[in-house]
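Residue numbers (our numbering), protein chains in the order written: chain A, 1 to 166; chain B, 1 to 166; chain C, 1 to 166.
C-beta: ideal position from N, C-alpha, C; glycine also.
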Amino acid sequence: MSKSSTVTVREKPVERVRTVSGGVTIHSETIVIDTDQRVELVDLTNTIMELVKRFKLSEGLISIWSMHTTCTLLINEFQTALLTDIKRFLEQMVARDADYMHNDPQHSDCDRQNADSHLRAMLLGHSLSLQISGGEVVLGQWQRILMAELDGPRARSLRVQIIGIG
Amino acid sequence: MSKSSTVTVREKPVERVRTVSGGVTIHSETIVIDTDQRVELVDLTNTIMELVKRFKLSEGLISIWSMHTTCTLLINEFQTALLTDIKRFLEQMVARDADYMHNDPQHSDCDRQNADSHLRAMLLGHSLSLQISGGEVVLGQWQRILMAELDGPRARSLRVQIIGIG
Amino acid sequence: MSKSSTVTVREKPVERVRTVSGGVTIHSETIVIDTDQRVELVDLTNTIMELVKRFKLSEGLISIWSMHTTCTLLINEFQTALLTDIKRFLEQMVARDADYMHNDPQHSDCDRQNADSHLRAMLLGHSLSLQISGGEVVLGQWQRILMAELDGPRARSLRVQIIGIG
């Protein structure tokens, strides 16, 4: 188990200033990620970087959207130690077994007992909009695109949309 | 009072892959939502879905922006039980009556005593950017677009911008 | 030290409805912000408003992206009293000195002891996407664009991308 964080490396560094004009291309597709645990952090960075390179749009935006209420997207470092801290923090901030109405059959027809997942998701958010410049995603050296599974294991659908100029 | 969550249904399901190119149209407008309580969750999903359909852009993005510091936007399930859990959680995480400088006339000229609203808003965020595909908003089955009023009742202005290809 | 919050004033108010069509221009550049404290809130509003005006795009979006894991972006009021409340709240919600694996040399090669910064960043988020209408950023009267330094003092790079129609 490495003590280090994964480093994000573009093929070429981001240029300081870039301006382009023209018509745009918009490409969308659905990707599916399988998770193994109830709470799990999955590193999507390489998947997203490759998808962006494949479309050969020089400048633009990429939106990543979780199609689920209890599966979220965030930016952070990807390091085993930190991932453990994040999971502990989520458990501490939103208790798994508090007295939630959403988990009470008298008030809710949901049988997943996942009120904690919904509350944790509310704090993390369901989408990211990243920039594309020079044909690659704009990310800092330690930034990784993470999916936070909050009620797995499950197959999770993400919708990815790229909008930009070629 | 229903035990069920509202289901989001598009006219047609999202296609797995979509690509379009061309000039774009950008449409913006302001909508106003009246709230009835100090803390209230309002389901905007149908309003936003209808607004998007009206503009007949096939692929693109919709940005929803709260014009206020103490009124936020988020994605979650819309179920009476869960809404109660969310409100309780916000109260528990950010106390209404702690010793805030923003509520102290010696340090602040704000007379709303709403430091808690500002702190809760910071955790939830003031905007959402959703995808449009096949002429409709991209949302999962249980995802609803919610406005969280954190210092009502008030009339709240939201700015909606659609950018896309027809 | 003022008791008042900074007011955001556009040259012209946002028009209720705006629609434009055509080719787009995408402009990106990196800006650097120096911070002085470990935890600090910096008001970027004027910088961003001037940058948008300089590009003379009538309608569109501006994305602001922090290139760092422990430096975030958010919307809130800019008032000395409230900034103090925000900093206290972050300290209370995520303890500086808890028993984090990321701060333990047995598990982590990071020597910054900044697990708290990573967890706080996760709650605040690393980017904002704002609307441009009538050639200016769309913001409510009390909304300010804030950068939250969570592990300073440091020089922080932000990537700004404007996409719109002139």
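If you run the structure through DSSP and keep just helix, strand and coil, what is residue i?
i, result
"T45(A)", "helix"
"A81(B)", "helix"
"M101(C)", "helix"
"M122(A)", "helix"
"M93(C)", "helix"
"R88(A)", "helix"
"S117(C)", "helix"
"G164(A)", "strand"
"Q143(B)", "coil"
"S133(B)", "strand"
"R112(C)", "coil"
"R154(C)", "coil"
"S127(B)", "strand"
Give the straight-line distance between the Cα atoms of residue i and residue j, rounded to the nearest whole angstrom.
i, j, result
"D151(B)", "C71(B)", "7 Å"
"R1(A)", "A81(A)", "This sequence places Met at residue 1(A); Arg is not what is there. So the two alpha carbons sit approximately 9 Å from each other."
"D18(A)", "I86(A)", "Here residue 18(A) is Arg; the residue named in the question, Asp, does not match the sequence. Straight-line Cα distance between these residues: approximately 36 Å."
"A115(B)", "K56(A)", "47 Å"
"R16(A)", "V160(C)", "10 Å"
"H126(C)", "E50(B)", "31 Å"
"I33(B)", "L44(C)", "29 Å"
"L146(C)", "L123(B)", "14 Å"
"L73(B)", "S5(A)", "32 Å"
"S117(A)", "P153(B)", "29 Å"
"L90(A)", "R54(C)", "42 Å"
"I26(B)", "L130(B)", "15 Å"
"I48(A)", "H68(C)", "18 Å"
"D99(A)", "Q79(B)", "16 Å"
"A148(C)", "V7(B)", "37 Å"
"R144(C)", "T84(C)", "16 Å"
"R88(A)", "L128(C)", "27 Å"
"L158(B)", "I132(C)", "14 Å"
"L119(B)", "V20(A)", "39 Å"
Which whole-angstrom value describes the C-beta separation of residue i and residue j, a residue pair presumed to lie in contact below a C-beta threshold of 8 Å?
i, j, result
"G166(C)", "G23(B)", "Incorrect: roughly 13 Å between the Cβ atoms, too far for contact."
"G164(C)", "S58(C)", "7 Å"
"A121(C)", "N76(A)", "7 Å"
"R156(C)", "T35(C)", "6 Å"
"G135(C)", "V14(C)", "The pair is not a contact, with the Cβ atoms about 11 Å apart (cut-off 8 Å)."
"I162(B)", "V9(B)", "With 8 Å as the limit, I162(B) and V9(B) do not qualify as a contact, their Cβ atoms being about 21 Å apart."
"K3(B)", "H107(A)", "6 Å"
* **the region 99–112 of chain A touching the region 33–42 of chain B, judged by at least three CB pairs closer than 8 Å** => Verdict: no, contact absent.
* Asked: Where are the beta strand (DSSP E) runs, 3 residues long or more, that stay fully inside the region 8–78 of chain B, in chain order?
  -> Look at the region 8–78 of chain B and you find these whole runs of beta strand (DSSP E), each 3 residues long or longer: 17–22, 24–34, 40–43, 59–66, 71–76.
* To do: Determine contact between the region 130–143 of chain B and the region 110–118 of chain B, defined as no fewer than three beta-carbon pairs at a distance below 8 Å.
  => A contact is defined here as three or more CB-CB pairs under 8 Å, and the region 130–143 of chain B fails this definition with respect to the region 110–118 of chain B.
* Asked: Do the region 50–63 of chain A and the region 90–98 of chain C meet, that is, are 3 or more Cβ pairs less than 8 Å apart?
  -> The region 50–63 of chain A is not in contact with the region 90–98 of chain C.
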